[in-house]
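Novice: Respectively, the protein sequence lines represent chains A and B.
Each residue of the first sequence is one higher than the one before, counting from 1 in the numbering used here.
Each residue of the second sequence is one higher than the one before, counting from 493 in the numbering used here.
Idealized CB from N, CA, C, for every residue including glycine.
Fair warning: this is a prediction, and the values are worked out from it, not measured in the lab.
Number of protein chains: 2
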Amino acid sequence: MAKEVTKRAENYSQWYNDLVVKADLAEQSAVRGCMVIKPYGYAIWEKMQGALDAMFKQTGVQNAYFPLFIPKSFFSREAEHVAGFAKECAVVTHHRLMNDPDGKGIVVDPTAKLEEELIVRPTSETIIWSTYKNWITSWRDLPILCNQWCNVVRWEMRTRLFLRTAEFLWQEGHTAHATAEEAQERTRQMVDIYARFAREVMALPVVVGHKSPNERFAGALDTLTIEAMMQDGKALQAGTSHFLGQNFAKSFDVQFTDKDGSRQYVWATSWGLSTRMMGALIMAHGDDAGLVLPPDLAPIRVVMVPIYKTEEEHSAILDKMYELKKALEALGHSVKVDDRDTLRPGFKFAEWELKGVPVRIAMGPRDLQNGTAEVSRRDTLTKETVGIDGLDRYVDALMGAIRKNIYDKADAFREANVRKCDDWNEFKEKIKEGGFLLCHWDGTPETEQAIKDETKATIRCIPIDSFVCEEEGKCIYSGKPSHRRVIFAISY
Amino acid sequence: MAKEVTKRAENYSQWYNDLVVKADLAEQSAVRGCMVIKPYGYAIWEKMQGALDAMFKQTGVQNAYFPLFIPKSFFSREAEHVAGFAKECAVVTHHRLMNDPDGKGIVVDPTAKLEEELIVRPTSETIIWSTYKNWITSWRDLPILCNQWCNVVRWEMRTRLFLRTAEFLWQEGHTAHATAEEAQERTRQMVDIYARFAREVMALPVVVGHKSPNERFAGALDTLTIEAMMQDGKALQAGTSHFLGQNFAKSFDVQFTDKDGSRQYVWATSWGLSTRMMGALIMAHGDDAGLVLPPDLAPIRVVMVPIYKTEEEHSAILDKMYELKKALEALGHSVKVDDRDTLRPGFKFAEWELKGVPVRIAMGPRDLQNGTAEVSRRDTLTKETVGIDGLDRYVDALMGAIRKNIYDKADAFREANVRKCDDWNEFKEKIKEGGFLLCHWDGTPETEQAIKDETKATIRCIPIDSFVCEEEGKCIYSGKPSHRRVIFAISY
């Protein structure tokens, strides 16, 4: 096998990189920190987009598109936001190139300097709220529920494919409301959609919770998050939804006339989920043989590999396979018949395992004779001989079982790696092993910062829909009273 | 009516701008030349994307994603390409902002200057061919058929919503082939898809043809185009497909080992269609009442407006409408019941006409009594009273009639504005009136340039699938012999 992947136990980080590249998901580009998303990886992202987009639209959200560039001055408007986002970013200063007067290629034309620099959007609150100002006059114009699918750029110093790249793809939703309550409900509704998407489509157990003030989005009054556990026990923030209060409305002077005639600032939310989710998918489910895809995200759900010696056998088996392909496609499953005649079955098996195809069907001359096929599951790496009669319905049912098993496996892993911890020395030991530690915390940013400085662990969230955390206790670090546990972990 | 649109006959250009803004399609943003695509406009673009994307995939094309930024040096690699694209573009020179030491907001951090400037992609041939170099070793790796949906930036000095904006959205396909023939076939195949999309989905008659050398894509050996005629008689280039020969393969040293063991440069195509198509849609079909949408691109195909005096009537009519909505949705038509109780029917009628909704159904108390409804067609602005029984099937059939009528109308307009012209003085007169002039041309860039300088007209294309142009004659400008006519027009 040409494409061997490092074992997880050997080097988890290398395993991840190997998998991303060798399963043809993405690769580094010639531009520092920017990735190329390859067709197979992009096909998975398209499936994520399709599922999420439909969920958004069911709640009345509409897609729109706002400019890539943001005038520099916009960032100064919201004080916290500038601190959080205007640091490392791509700055456009000129709008023309010219031939080098010395004849050495092309250079920036110094006369084409922009009056005001433009920032490539790291997130679009500022440009969107400057636009909403023109859209909102009265309570009748509210709510506004816009989303955009786009690219954003954050000039990260250390990058990793999908997890942290200078440019990444995402969706960012931006809503405008007449009341704080409505905006808060929307904030919660969207994080719940992210959780449902993670659980049902990605087979990924996640915790929904509030971020601590230290970890909030720059400019938000509250940030809700979904947090997932990777196989090395680290946490991964997989989607966030922010209640922005009236901060952006005040910065861009967006007011509306309420039913009672009074002028009010508009209430805002924003929420985003990115190609980082591709990293979560890989790290939560993958194994030493490669990617493991839940059926709903698999560009190919079933791959068929013929096993033959003669051309006659090959063609007879292919006939049977194309017949079965048709039946499976009628049930909504995407199927690939791997009829390449230059590669051996073993090579093909390994390749499709690497790419995480949920079900493989192999058929040889004896199968043809017996009316059987060999059905292999990617999630369990088990094989069964199944009669060809009714094989379509068998595979159809198998998809549900695979989906459930992938989720259950990840959930069992998480359960095994969540523990309560009430002792600071134990905390310092245990946190190194990975996993979530449910601890009491005194609620102060100082304590959170001190714990981070000593252990690199942060509060991933204050859970609201998982684990029983409501209980009296004492802060693991300061010993001060606490009313509930929070999740500490080392994170990506 | 608050939202009156300028009449076409009064000021065609103002009519266009009014329509774009008042039908809620797009607007200028705070960033020079960059537009905001509003939800209604974006919903139409999504329908264009959906239809095209499916057509691409049917031919084996896969989506992928390549970086937004291109190193400056890449542009110098392909000599013609740099001349065509590296002129007016957005140049990223720095990667950090900092607080102004003088306390006046934020400034660019001078220490964060990039070693090599990055160009925001105006088109992606260079970055993609630098990537393909890693993907291609042998003939087995070919063809590569990638497409990406993305944003691009060309620093246009004079911009118009959709037609010419600094940032726009598009798809760009980039294919790699083992032979010139295969690449040429793909070039043709993709322009034919554009033509089919224009004709069938957009109800837009287009001519397929070759660009003259002057109008070719920078770096191409051949450019195929679809050209449409707008209602002011001007031509609009609506999609192009380029045969790039081995130019980019040579610039980025992309070779493959052929079946016979020899090393060969790879053959390339690229093809793109952009949000400019939104401009074509508006200008080809719109009228003085607003947008006219072909059913396949209409976010809402049927709008229902209740007419009532009492609350009782309102609710009885709405009941009937929701019932009909369900039946129409089952037939695949999107329906909106406009149940806003603060607006009068006349206002609603005008609003949905402005937005180009193909069919409007109004129902009043008398209709309810008689079992009828008033059905209005947007394309013809005609009304009919139709029985509610079977109304769903009536409307279903109507969609086909509307699609055909919109196409036929545009086609008749074009036919009326295409003429042969063999006299230079007549040419100079006629070209001002708009329309396509089919003329003989001596095939030289000099003649084309001279004609452009004198009249602003360019060769839109050398048609290959429309009009009978193959005949002997003399160049309209130089009098030299010519074997076929070409299309001259003033263009957007």
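#1: Hey, how far is the Cα of residue 307(A) from the Cα of residue 354(A)?
#2: Could you list the residues in the region 542-560 of chain B with a C-beta less than 8 Å from some C-beta on chain A, going in chain order?
#3: Residues of chain A with a CB under 7 Å from the CB of residue 538(B): which are they?
#4: Whole angstroms are fine: how far does the CA of residue 570(B) sit from the CA of residue 583(B)?
#5: State yes or no: is the C-beta of residue 372(A) within less than 9 Å of the C-beta of residue 386(A)?
#6: Nearest-angstrom Cα distance between residue 452(A) and residue 548(B)?
#7: Among the candidates 706(B), 792(B), 694(B) and 683(B), whose CA atom is the shortest distance from the CA of residue 941(B)?
#8: In chain order, which continuous runs of the beta strand (DSSP E) of length 3 or greater are located wholly inside the region 569-609 of chain B?
#9: Can you grab the Cα-Cα spacing for the pair residue 794(B) / residue 821(B), in whole Å?
#10: Comparing C-alpha positions only, which one of 427(A), 139(A), 463(A) and 459(A) sits nearest to residue 492(A)?
#11: I think residue 133(A) touches residue 253(A), with their Cβ atoms under 8 Å apart; what is that distance to the nearest whole Å?
#12: Name, please, each residue of chain A whose Cβ falls closer than 9 Å to the Cβ of residue 567(B).
#13: Considering Cα atoms alone, identify which of 149(A), 390(A) and 217(A) is closest to residue 323(A).
#14: With contact counted as at least three CB pairs below 8 Å, one residue from each stretch, are the region 698-714 of chain B and the region 657-666 of chain B in contact?
#15: Taking residue 849(B) as the reference, give the member of 825(B), 860(B) and 757(B) with the closest Cα.
#16: Pick helix, strand or coil for residue 321(A), following the three-state DSSP scheme.
#17: With a Cβ-Cβ cutoff of 9 Å, do residue 232(A) and residue 419(A) count as a contact?
#18: Using 9 Å as the limit for Cβ to Cβ distance, is residue 1(A) near chain B?
#19: For the region 132-144 of chain A, enumerate the residues whose C-beta is nearer than 7 Å to any C-beta of chain D, in chain order.
#20: Opposite residue 932(B) in the DSSP bridges: which residues?
#21: Taking C-beta to C-beta, are residue 461(A) and residue 439(A) nearer than 9 Å?
#22: Within this structure, are the beta carbons of residue 748(B) and residue 106(A) separated by less than 9 Å?
#23: Start and end of the beta strand (DSSP E) containing residue 503(A)?
#24: Please list, in chain order, the residues of the region 140-172 of chain A that have any C-beta partner in chain B closer than 8 Å.
#25: From the DSSP output, in three-state form, read off residue 138(A) for me.
#26: Could you check whether the Cβ of residue 205(A) sits closer than 9 Å to any Cβ belonging to chain B?
#27: Return no unless some Cβ of chain B is closer than 9 Å to the Cβ of residue 293(A).
#28: If you draw a straight line from the alpha carbon of residue 781(B) to that of residue 511(B), how long is it in whole angstroms?
#29: Mind checking who residue 361(A) pairs with in its DSSP beta bridge?
#30: So, does the CB of residue 218(A) fall closer than 9 Å to a CB anywhere in chain B?
#31: Please compile the residues from chain A whose C-beta is within a distance smaller than 9 Å of the C-beta of residue 523(B).
#32: Can you tell me the Cβ-Cβ gap for residue 769(B) and residue 730(B), rounded? I've got them flagged as a contact below 8 Å.
#33: Which residues of the region 796-820 of chain B have a Cβ closer than 8 Å to any Cβ of chain A? Give them in chain order.
#34: Applying a beta-carbon distance threshold of less than 9 Å, which residues of chain A neighbour residue 670(B)?
#35: Whole angstroms are fine: how far does the CA of residue 34(A) sit from the CA of residue 563(B)?
#36: Pairs of beta-carbons, one from the region 732-742 of chain B and one from the region 633-648 of chain B, closer than 8 Å: are there three or more?
Specialist: So, from the data block:
#1: As a first step, residue 307(A) must be located in the first sequence, where it is residue number 307. As a first step, residue 354(A) must be located in the first sequence, where it is residue number 354. A straight line joining the alpha-carbon of residue 307(A) with that of residue 354(A) spans about 20 Å.
#2: Result list: 554, 555, 556, 557, 558, 559 and 560.
#3: To locate residue 538(B), count along the second sequence from 1; it is residue 46. Within chain A, the C-beta atoms nearer than 7 Å to that of residue 538(B) come from 63, in chain order.
#4: Taking the first residue of the second sequence as position 1, residue 583(B) is located at position 91. Taking the first residue of the second sequence as position 1, residue 570(B) is located at position 78. C-alpha separation (whole angstroms): 19 Å.
#5: Against the first sequence, residue 372(A) aligns to sequence position 372. Against the first sequence, residue 386(A) aligns to sequence position 386. Against a cut-off of 9 Å, the Cβ pair of residue 386(A) and residue 372(A) comes out as a contact.
#6: Taking the first sequence and counting its residues from 1, one reaches residue 452(A) at position 452. Taking the second sequence and counting its residues from 1, one reaches residue 548(B) at position 56. Spanning the two alpha carbons is a distance of roughly 50 Å.
#7: What you label residue 941(B) is simply residue 449 of the second sequence in a count that begins at 1. That would be 706(B), whose Cα lies nearest to the Cα of residue 941(B).
#8: 580-591 and 598-600, all fully within the region 569-609 of chain B.
#9: By 1-based counting over the second sequence, the position of residue 794(B) is 302. By 1-based counting over the second sequence, the position of residue 821(B) is 329. Each residue's alpha carbon lies about 10 Å from the other.
#10: Here the question's residue 492(A) lines up with position 492 in the first sequence. With distances taken between Cα atoms, residue 492(A) lies closest to 459(A).
#11: Translated into positions along the first sequence, residue 133(A) becomes position 133. Translated into positions along the first sequence, residue 253(A) becomes position 253. That belief holds up - the Cβ atoms of residue 133(A) and residue 253(A) are roughly 6 Å apart, short of 8 Å.
#12: The residue given as residue 567(B) occupies position 75 in the second sequence. Neighbours of residue 567(B) in chain A, taken as residues whose beta carbon is under 9 Å from its own, are 97, 105 and 106 in chain order.
#13: Counting from 1 along the first sequence, the entry for residue 323(A) is found at position 323. The shortest Cα separation from residue 323(A) among 149(A), 390(A) and 217(A) belongs to 390(A).
#14: By the Cβ rule, the region 698-714 of chain B does not count as touching the region 657-666 of chain B, because fewer than three pairs are nearer than 8 Å.
#15: For the purposes of this step, residue 849(B) is identified with residue 357 of the second sequence, where counting begins at 1. The residue among 825(B), 860(B) and 757(B) with its C-alpha nearest the C-alpha of residue 849(B) is 825(B).
#16: For this step, residue 321(A) is matched to residue 321 along the first sequence. Residue state, collapsed to three classes: helix.
#17: Along the first sequence, read from residue 1 onward, the residue named residue 232(A) stands at position 232. Along the first sequence, read from residue 1 onward, the residue named residue 419(A) stands at position 419. Judged by their CB atoms, residue 232(A) and residue 419(A) are not nearer to each other than the 9 Å cut-off.
#18: Along the first sequence, read from residue 1 onward, the residue named residue 1(A) stands at position 1. Note that residue 1(A) has pLDDT 45, beneath the 50 cutoff, so the model's placement of it is unreliable and the number below is only indicative. Among the residues facing chain B, residue 1(A) is not included, as its CB has no counterpart in that chain under 9 Å away.
#19: Here the protein chains are A and B, and chain D is not one of them.
#20: Position 440 of the second sequence holds residue 932(B). In the DSSP output, where bridge partners are listed per residue, residue 932(B) has 977(B).
#21: Stepping through the first sequence from its first residue, residue 461(A) is reached at position 461. Stepping through the first sequence from its first residue, residue 439(A) is reached at position 439. The Cβ-Cβ distance between residue 461(A) and residue 439(A) does not fall below 9 Å.
#22: Translated into the one-based positions of the second sequence, residue 748(B) becomes position 256. Translated into the one-based positions of the first sequence, residue 106(A) becomes position 106. No Cβ-Cβ contact shorter than 9 Å links residue 748(B) with residue 106(A).
#23: Lying before the first or after the last residue shown, residue 503(A) is absent from chain A, which here runs from 1 to 492.
#24: Cβ contacts with chain B: 140, 146, 150, 151, 153, 155, 167 and 169.
#25: Translated into positions along the first sequence, residue 138(A) becomes position 138. For residue 138(A), the secondary structure class from DSSP, reduced to helix, strand or coil, is strand.
#26: Numbered from its first residue, the first sequence carries residue 205(A) at position 205. Not an interface residue.
#27: The residue labelled residue 293(A) in the question sits at position 293 within the first sequence. No - not a single Cβ of chain B is within 9 Å of the one on residue 293(A).
#28: If you number the second sequence from 1, residue 781(B) lands on position 289. If you number the second sequence from 1, residue 511(B) lands on position 19. In a straight line, the C-alpha of residue 781(B) is about 9 Å away from that of residue 511(B).
#29: Working through the first sequence from its first residue, we reach residue 361(A) at position 361. Residue 361(A) pairs with 304(A) and 375(A).
#30: Sequence index remark: in the first sequence, residue 218(A) carries index 218 (1-based). The beta carbon of residue 218(A) does not come within 9 Å of any beta carbon belonging to chain B, so the residue lies off that interface.
#31: Indexing the second sequence from 1 puts residue 523(B) at position 31. Those within 9 Å of residue 523(B) in chain A are 67, 68, 69, 70, 71, 118 and 127.
#32: Here residue 769(B) corresponds to residue number 277 of the second sequence, with the count starting at 1. Here residue 730(B) corresponds to residue number 238 of the second sequence, with the count starting at 1. Confirmed, Cβ separation roughly 6 Å.
#33: For the region 796-820 of chain B, which is checked against every Cβ of chain A, not one residue is closer than 8 Å.
#34: Numbered from 1 along the second sequence, position 178 holds the residue referred to as residue 670(B). Simply none; closest approach about 16 Å.
#35: Within the second sequence, numbered from 1, the residue matching residue 563(B) stands at position 71. Within the first sequence, numbered from 1, the residue matching residue 34(A) stands at position 34. Going by the C-alpha atoms only, they are around 12 Å apart.
#36: Judged by Cβ distances under 8 Å, the region 732-742 of chain B makes no contact with the region 633-648 of chain B, as fewer than three pairs qualify.
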